[in-house]
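A.B. asks:
Number of protein chains: 2
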Amino acid sequence: MIEAGLGFKTEPWLVREATLDLGILAQSESIFALANGHLGLRGNLDEGEPYGLPGTYLNGVHELRPLPYAEAGFGYPESGQTCINVTNGKVLRLLVDDEPFDVRYGTLESHERVLDLRAGTLRREVVWVSPAGQRIRVTSVRLVSFTQRAVAAIEYQVEALGESARIVVQSELVANEPIPLPENDPRVAAALEAPLQSEDHALRGATAVLVHRTERSGLRVAAAMDHIVEGPDSTDTVSECDPDIARVAITAVLQPGERLRIVKMLAYGWSSVRSRQALRDQVAAALTAARHTRWTGLLDEQRRFLDTYWDRTAVELDGDPEIEQAARFGLFHVLQASARAEGRAIPAKGLTGTGYDGHAFWDTETFVLPVLTSSLPEAARDALRWRHSILPAARERAAALGHAGAAFPWRTIDGQECSGYWPAGTAAFHINADIADAVVRYVDATDDEVFEAAEGLELLVETARLWCSLGHRDRHGRFRISGVTGPDEYSALADDNVYTNLMAQQNLRAAADAAERYLAESGRLGVDEEERTTWQAAAEAMYVPWDAELAVHPQAELFTSHQVWDFENTGPDQYPLFLHFPYFDLYRRQVVKQADLVLAMQLRDDAFTEEQKARNFAYYEALTVRDSSLSGITQAVLAAELGHLDLAYDYLAEVVQMDLHDLAHNTANGLHMASLAGAWTVLVAGFGGLRARAGRPAFAPRLPNGISRLAFNLWYRRRNLCVTATPGQAHYELKAGEPLTFFHYGEEALATVDEPVKLAIPARPARPRPSQPYGREPVRRIPPG
Amino acid sequence: MIEAGLGFKTEPWLVREATLDLGILAQSESIFALANGHLGLRGNLDEGEPYGLPGTYLNGVHELRPLPYAEAGFGYPESGQTCINVTNGKVLRLLVDDEPFDVRYGTLESHERVLDLRAGTLRREVVWVSPAGQRIRVTSVRLVSFTQRAVAAIEYQVEALGESARIVVQSELVANEPIPLPENDPRVAAALEAPLQSEDHALRGATAVLVHRTERSGLRVAAAMDHIVEGPDSTDTVSECDPDIARVAITAVLQPGERLRIVKMLAYGWSSVRSRQALRDQVAAALTAARHTRWTGLLDEQRRFLDTYWDRTAVELDGDPEIEQAARFGLFHVLQASARAEGRAIPAKGLTGTGYDGHAFWDTETFVLPVLTSSLPEAARDALRWRHSILPAARERAAALGHAGAAFPWRTIDGQECSGYWPAGTAAFHINADIADAVVRYVDATDDEVFEAAEGLELLVETARLWCSLGHRDRHGRFRISGVTGPDEYSALADDNVYTNLMAQQNLRAAADAAERYLAESGRLGVDEEERTTWQAAAEAMYVPWDAELAVHPQAELFTSHQVWDFENTGPDQYPLFLHFPYFDLYRRQVVKQADLVLAMQLRDDAFTEEQKARNFAYYEALTVRDSSLSGITQAVLAAELGHLDLAYDYLAEVVQMDLHDLAHNTANGLHMASLAGAWTVLVAGFGGLRARAGRPAFAPRLPNGISRLAFNLWYRRRNLCVTATPGQAHYELKAGEPLTFFHYGEEALATVDEPVKLAIPARPARPRPSQPYGREPVRRIPPG
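Quick mapping for you: the protein sequence lines, in order, are chains L and X. Its first residue numbered 56, the first sequence is counted upward by one per residue in my numbering. Its first residue numbered 56, the second sequence is counted upward by one per residue in my numbering.
1. Does chain X have any CB closer than 9 Å to the CB of residue 534 (chain L)?
2. Would residue 491 (chain X) and residue 519 (chain X) be called neighbours here (beta carbons separated by less than 9 Å)?
3. Classify residue 620 (chain L): buried if its beta carbon has 16 or more other beta carbons within 10 angstroms, exposed otherwise.
4. For residue 425 (chain X), which three-state DSSP category applies?
5. What does residue 538 (chain L) reach in chain X if we use C-beta pairs closer than 7 Å?
6. Against chain X, does residue 613 (chain L) count as a neighbour if the rule is that its beta carbon must be under 9 Å from one of theirs?
7. Would residue 475 (chain L) pass as a contact of residue 136 (chain L) if the rule is Cβ separation under 9 Å?
8. Considering only residues of the same chain and omitting the five flanking positions on each side of residue 756 (chain L), which have a CB-CB separation below 6 Å?
9. Among residues of its own chain, excluding the 5 on either side of residue 808 (chain X), which ones have a beta-carbon nearer than 6 Å to its beta-carbon?
10. Can you check whether the CB of residue 420 (chain X) is closer than 9 Å to the CB of residue 486 (chain X)?
11. With a threshold of 9 Å between beta-carbons, can residue 125 (chain X) be considered close to chain L, or not?
12. Which class does residue 160 (chain L) belong to by DSSP, given the choice of helix, strand or coil?
13. Along the chain, where does the beta strand (DSSP E) that runs through residue 779 (chain L) open and close?
14. Looking only at its own chain, which residues have a Cβ that is under 8 Å from the Cβ of residue 155 (chain L), when we skip the five neighbours before and after it?
15. What are the residues of the stretch 680-692 of chain L that lie near chain X, defined by any Cβ-Cβ distance shorter than 8 Å?
16. If you drop the 5 nearest sequence neighbours on each side, which residues of the same chain put their C-beta closer than 7 Å to that of residue 66 (chain X)?
17. Kindly identify the DSSP beta-bridge partner or partners of residue 191 (chain X).
18. Looking at the unbroken alpha helix (DSSP H) that takes in residue 446 (chain X), where does it start and where does it end?
19. Assuming residue 495 (chain X) is part of the beta strand (DSSP E), what are its boundary residues?
20. How many Å lie between residue 61 (chain L) and residue 715 (chain L) at the Cα?
21. Note down the Cα distance separating residue 733 (chain X) from residue 77 (chain X), rounded to an integer number of angstroms.
22. What is the residue span of the alpha helix (DSSP H) that residue 384 (chain X) lies within?
23. Please state the DSSP three-state secondary structure of residue 790 (chain L).
24. Determine whether the beta carbon atoms of residue 304 (chain X) and residue 391 (chain X) lie at a separation below 9 Å.
25. Do you know offhand how far residue 194 (chain L)'s Cα is from residue 273 (chain L)'s?
26. Bridge partners for residue 155 (chain L) per DSSP, in chain order?
27. How about residue 230 (chain X) and residue 93 (chain X): are their beta carbons less than 9 Å apart?
28. Which residues of chain X have a Cβ atom closer than 7 Å to the Cβ of residue 636 (chain L), listed in chain order?
29. In this structure, does DSSP put residue 473 (chain L) in helix, strand or coil?
30. Using 10 angstroms around the beta-carbon of residue 432 (chain L), count the other beta-carbons present and answer buried if the total reaches 16, otherwise exposed.
31. Between L:261, L:376, L:839, L:409, which lies nearest to residue 724 (chain L) when the distance is taken from Cα to Cα?
32. Between the C-alpha atoms of residue 695 (chain L) and residue 567 (chain X), what's the straight-line distance to the nearest angstrom?
33. Tell me which same chain residues have a C-beta within less than 8 Å of the C-beta of residue 57 (chain X), skipping the five on either side of it?
34. Using only the alpha-carbon positions, how far apart do residue 622 (chain L) and residue 682 (chain L) sit?
35. Okay, do the stretch 163-178 of chain L and the stretch 354-363 of chain L touch, 3+ Cβ pairs below 8 Å being the bar?
36. List the residues of chain X that residue 492 (chain L) touches, going by C-beta distances under 8 Å, in chain order.
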């Protein structure tokens, strides 16, 4: 399945593009996107055109659109949310002797863009000869500040390389710029065509501000820009401002070797409640702060912020520099999606594109938060606080569906259910247990009692109530959950999905446990001893189906009695299957889109014996087609645990290449945050063997062929633990914090700052490599060395 | 559940409305609709206004409309079909001394409308005093001819009762008259707002013709009218014609006691291929023939046609005249929906309204055709020929879904799948076995080898191929059908639905049997011995789940392990449940919308022991809420079989009152053909005990309390058999045809024309009356005597 990459160069901390390929412009815009979790800028060229998809996003800013149904039903959401392209402040148009700088004209002598993972910047350097023969160098450096969340800045320089050149730079704020719209539904296109209605626009010198409001969702957005200009004495600045465009035009005549340097500072803000005036002042204040920090100050702060992050999150992989780089690239984008999201969601595509309409799914809790929990726990906490903030909507949804507790939306921006296909949306209740799992994992890794008492407890309580309401006791007293959808979207509305039941069991136990530890707080939530006992009892009585004949767990009741998909007669052009076969037929066969039972074995590894894991893994490997980008991560982790290290390595390569090689052919619409986080997960939970064990992390490191050393840092309960694995040995070094008890292959050990621990890696019985469906084997990873 | 009736009078052969209630105008328009299976006129008032829903329908004439999806999927149909209101020829506006006759103004001194089930006419007689005090009598008689399928006619008379009156009658053809449109989807409304585009309009004397074409579906519709006028010498006629309206105005001054009499002849035609000219000529020819027959000739033909029908279909019920009348009313409307449908479908609402968009469903084969098979077998054959004619579309649909054979659409007008909700549409594959069942039933009842060899065989073969493709052998060799939806729409996508599996089994056997009997014909369809053996083997290996613990058949695998719906906490205002609860929650509980397993026990009564039937019936009675109008019919039949005669009687009353009492609150949109046919089914299959038994019908008559005699006629293999049941005895009389062997309570008997057979009805062990869900018990039927 691995295809040729997009051509980016492999360097330890840089993603470098050495030539401009307009055929992959949209993909490179996603890969070079800059964001801080609050504000995101796609890697569009400074001059605005050509583009694949112009994009400037503010986390949470969306417009509503109708969700139509051929045949409506009770409880179907009627209004969806779509993230919108807000006012574009990236634009710096350039005229060279009255010819516009456009890479499609003239001659592009050299081109380079570099995403710097330690500096947190996107650099560009271009030498261009205009159609009239004027030769110039354009250099820009762009950042979206991690330390000043409202702020982005661009240093833009033009140098005349040939003769004297008259240069005009038009720096703009543009609202409602035209973007490609969906063709299939005219009403959706209408809702998104010009989503911003002007409320205010103002100009003072080289400072401009535009304030807009969305029509249906009623959100107010302000964008402001300011400029510091350095150029020859003749340099002149003229400004103008209209409701949808503000323009600062800087004119200079450059002698050969002379430069025009412009630092453009941008500030953004939005609110559903704050007034036009308040929002104007807010972005003005942010601009003032940024100006005060100055360009070099912004650069310094950016690097310091990243230094801390990389210190906690370091990953080194000797033997495969491409994967090492890709893993860091992934960690960088996970940071960009989350660092300053604060009260908002972490969307599936971060702030890098409009894919999935900018919605957040269960991916966040299950695939992204484990990374953040171990590297930037504040961001993980903030993401869970966002979940807590949408509890009112989740309670309303549960009530509308006739159930107790809270039912979190399958996909959303602001908390309302936006899924228009309920068998794989509404019915995928596992998202509630996934959120609870993220709470448990976060609290375990941080011991953050403040969060636990204030928000974590309530999330656990309300989701536990949902499970009690969704499940029932059968005539034998077993607790069963009928008619729901697990992670595998090629099955739906099944009874007793093992993943769902086991995750619900953990949810119920965690709620009972937390409620008992926080008696006063849980009492205020209406929890009494009877309710706690009910949760415990439901968890103890949880039914987990088992196919005794095959000696495997069926993914759900009856799953193993279904016909196995006819893989032999399914061609490579028929994947992903859901684009070529009807759902009813996928649902009734044994074919797995993405790890489901196998994910249960990762997240509830306590619920399976080693023998069950091995048999289950082999069984589901033969059925799993990986039509979801989430799947390979989990398959890699379990493959590593079961000793299929080369298979795990193959999956790892696929995971890290999801966007850098555009494997799913949709990187143009934004990056896959779960895959980007997944590289870390495969390295740390897969080859490192990390599992959560109630305050004492467990490791079982083991390396695939070709990798001579894996090292990663973990932030765990205010400790910085560095784990280094070589083929025969593991090395645990505590870099900061109190002594830490941990497990190495099930054996307790203690790491202290003074005394690193070296432990041998035990031998492991070999198992035959499991097979995948015909044509769906991962490409064998041959380390480049 | 039985509510007050709509106020129609009970007379053996008449449905009489003695006062005009504008609050139920739309309902009365449905009840007084006239049709012949080709052309349908709602019972709108002659003068056009006021109306509930104006309606003139041509079977098959439809417009296309987009089917939108919030989230699209492979194989979802993108275009739906909706029957449209074609050119209205019923309109006869009346001016009395320059004041329009409108029942909302002036004084309606008397009003009567009578649907005459033997004459096949709708009569109206009104005495009205205009606001200015002019008193007139208006009498109209309307018919849609059974013998001349393109023709309808109206005799319209005005009499001056007071002073001399100047009368103008405007007789019209009106295209694109405004109708109430759906509010929820602007695109659907746009598609249907003015569906007819003028192609031609012409006038000659009192004859006018309008030709139109639908925009998207490209169907051409022609309507023509002619007039015979009798009045005082001064009577004058003026005509005019525009693209969307033709008007013949007849003016007369009537002295007291004088009359103006107008006979309006209407002719309709439509085609997707014939030219404008051909269609014009076609309706002109139909008008010529009608004129030649004259009004009295049309009345005579109509009555003779009905005499034959009632002779074959007579139903008498001593002790409950209301049900007797309602049963005849039902049989009349079934005839109206089907008699001349010929190459077209029998829609769920007949030609009485736009409910269900004018679509045909499985109701036709399972609920309507049994009646027609025993009364007007040509109509049953024509309906099955229509199915045969859409085989190409059904084959394409099967191929698109990745399956062999033919997959008939869940709902359609012209053969294309129009269901926009696939879990209860596409996945309800049982419709294919239902069609096969109708073929088997028709052939059994008629021995029609011409049909069997030409069309029946191919229907059986292609549906058998679908089942082979849909099912699979499990590891124990059992043939299983996973993930489909049975008749009960409160379950979906279940494994091994008993109804589906048993009906598929019959389908496979019938196909193998017919293919063997028609070796040459089946050979031409590509059937060889291997395929026949495969069908037989699949039928023999068919898996039928059984819950040994409860000793009942689960409706489908796992059904009996689901939570029972909380009926006690469901209020009467929460029914029908699907309007108040989400599908996912209905699907995961034990709650039954409509008979499913119970229907299997009726149609495959050979597959159950008596003990199983009794236990199953009691089990499912307690779960069945009858949110579908189809359910009560089947429940009544099984209740009668199992000796719960009073319960069957209660259900019968509910069935016959579906439209006459507007029980489902949607009679306004058209009548429920299945319920209308259901009355016959309950009387004949329920209290008469009729079951098909390979050429020898089986009876087991038994009457509920209060009914002293039930008699019904059956048309069976060119024989007219009259069955009469009294409390202790059954009487079988062959009125025409060769001797007939039949079963009476399992004992063989022979009826000949000369020798009626009298047989005693054996005693039956009493069983306790089963209970229904809380609040869903049928109203106890107390016979009016």
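C-beta: ideal position from N, C-alpha, C; glycine also. Quick caveat: nothing in here was measured; it's all calculated off a predicted structure.
C.D. replies: With the structure as the only source:
1. Taking CB atoms only, residue 534 (chain L) has no neighbour in chain X less than 9 Å away.
2. yes
3. buried
4. helix
5. 639, 642, 643
6. yes
7. no
8. 743, 744, 780, 785
9. 789
10. yes
11. yes
12. coil
13. 774-780
14. 102, 148, 149
15. none
16. 380
17. The partner list for residue 191 (chain X) (beta bridge, DSSP) reads X:183, X:215.
18. Segment 446-455, the alpha helix (DSSP H) holding residue 446 (chain X).
19. Run containing residue 495 (chain X): none in the beta strand (DSSP E); it sits in the alpha helix (DSSP H), 485-501.
20. Taking the straight line joining both Cα atoms gives about 6 Å.
21. 29 Å
22. 376-393
23. strand
24. Cβ atoms of residue 304 (chain X) and residue 391 (chain X): not closer than 9 Å.
25. 39 Å
26. L:150
27. In this structure, residue 93 (chain X) does not lie closer than 9 Å to residue 230 (chain X) by Cβ.
28. 129, 457
29. coil
30. By the neighbour-count rule (16 or more Cβ atoms within 10 Å), residue 432 (chain L) is buried.
31. L:409 is the residue among L:261, L:376, L:839, L:409 whose C-alpha sits nearest the C-alpha of residue 724 (chain L).
32. 53 Å
33. Here the model assigns residue 57 (chain X) a pLDDT of 39, short of 50, so the residue's position is not dependable and the matter cannot be decided.
34. 14 Å
35. yes
36. In chain order: nothing, as chain X lies at least about 22 Å away.
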